[in-house]
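Just below is one structure, and these are the notes that go with it.
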Amino acid sequence: MEFVIVVYPTERDVFVGGGPLGKTGKKLKLQTGTHTFDLDVPLDYAPAAQTIPVSGTTKLDPLLVVFTPKPVMRAGVRRGGKKITKRAGRKTAKTAKAGKTAKTAKTAKKSVKRAKKAAKPAVKKRTNNPTKKAGKTTAKKAAKKTVRNTASKSPRKAAAKHAKRTARKSRD
647 MEFVIVVYPT
657 ERDVFVGGGP
667 LGKTGKKLKL
677 QTGTHTFDLD
687 VPLDYAPAAQ
697 TIPVSGTTKL
707 DPLLVVFTPK
717 PVMRAGVRRG
727 GKKITKRAGR
737 KTAKTAKAGK
747 TAKTAKTAKK
757 SVKRAKKAAK
767 PAVKKRTNNP
777 TKKAGKTTAK
787 KAAKKTVRNT
797 ASKSPRKAAA
807 KHAKRTARKS
817 RD
């Protein structure tokens, strides 16, 4: 006979080889051999199951099988404990649409800012009517073009392509 104690912070049923054998924190008697230990559902512990060879134990020196609880993450809470705001959620959704991966999303966001800065002075020089709001729409169009060019390619290629296009426009 071999002796095992399954350790978990709360009392739960212990399953050995798929069948119930006892409770956590209590000494369990097993035959010598390899056994699979788990705590069944809910799977709020790690590892999900442990397959361990059991031999050479005594009643005074049992084998310890340790399970740890998984950390519980609530919806809307970051690891730092701050709640995610609606605005932050919208920003991440926009950047995710602009670029599929985190790297392209970050690049797309930077290029949108650059395009807006570059488009504003050019529009101001062209318009003589101060009541007209033409600058905003032109900046948005330029930003969208830049995002389209950047989202699927590397930043270096996209920047080169953008430079070529602006050079062509200035020649005309």
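Taking the numbering used here, I'd label the letters of the sequence shown as residues 647 to 818. All C-beta atoms, glycine included, are put in the ideal place defined by N, C-alpha and C.
DSSP three-state label for residue i, please.
| i | result |
| --- | --- |
| Thr812 | helix |
| Ala695 | coil |
| Lys669 | strand |
| Val769 | Per-residue confidence for Val769 stands at a pLDDT of 46, beneath the threshold of 50, marking its modelled position as unreliable; the derived number appears in the next sentence. Three-state DSSP puts Val769 in a helix. |
Rounded to a whole number of angstroms, what is the C-alpha to C-alpha distance between residue i and residue j?
| i | j | result |
| --- | --- | --- |
| Thr680 | Arg802 | 56 Å |
| Pro693 | Thr656 | 16 Å |
| Lys756 | Gly665 | 57 Å |
| Ala813 | Leu689 | 60 Å |
| Pro717 | Thr697 | 23 Å |
| Val769 | Lys807 | With a pLDDT of 46 at Val769, under the threshold of 50, the predicted position of this residue should be treated as unreliable, and no value is reported. |
| Lys787 | Ala809 | 17 Å |
Within a Cβ cutoff of 6 Å, which residues of the same chain sit near residue i, ignoring the five residues on either side of it in sequence?
| i | result |
| --- | --- |
| Lys675 | Met647 |
| Leu667 | Val660 and Leu674 |
| Pro699 | Thr680 |
Which same chain residues end up closer than 7 Å to residue i when comparing Cβ atoms and leaving out the 5 residues on each side of it in sequence?
| i | result |
| --- | --- |
| Tyr836 | The structure shown does not extend to residue 836, since the chain spans only 647 to 818, so no value can be given for it. |
| Leu710 | Ile651 and Val653 |
| Lys673 | Phe649, Ile651 and Pro708 |
| Arg811 | none |
| Thr678 | Glu648, Val700 and Ser701 |
| Pro715 | Pro655, Asp690 and Tyr691 |
List the endpoints of the continuous beta strand (DSSP E) containing residue i.
| i | result |
| --- | --- |
| Lys673 | Lys673 to Leu676 |
| Gly679 | Gly679 to Asp684 |
| Lys648 | Correcting the residue identity first, residue 648 is Glu in this sequence and not Lys. Start and end: Glu648 to Val653. |
| Val711 | Leu709 to Val712 |
| Asp659 | Asp659 to Val662 |
Give me, in chain order, the residues of the same chain whose beta-carbon lies closer than 8 Å to that of residue i; leave out the 5 immediate sequence neighbours on both sides.
| i | result |
| --- | --- |
| Ala695 | Thr682, Phe683 and Asp684 |
| Thr704 | Phe649 |
Touch test, the stretch 654–669 against the stretch 684–700, Cβ-Cβ under 8 Å, three pairs minimum: yes
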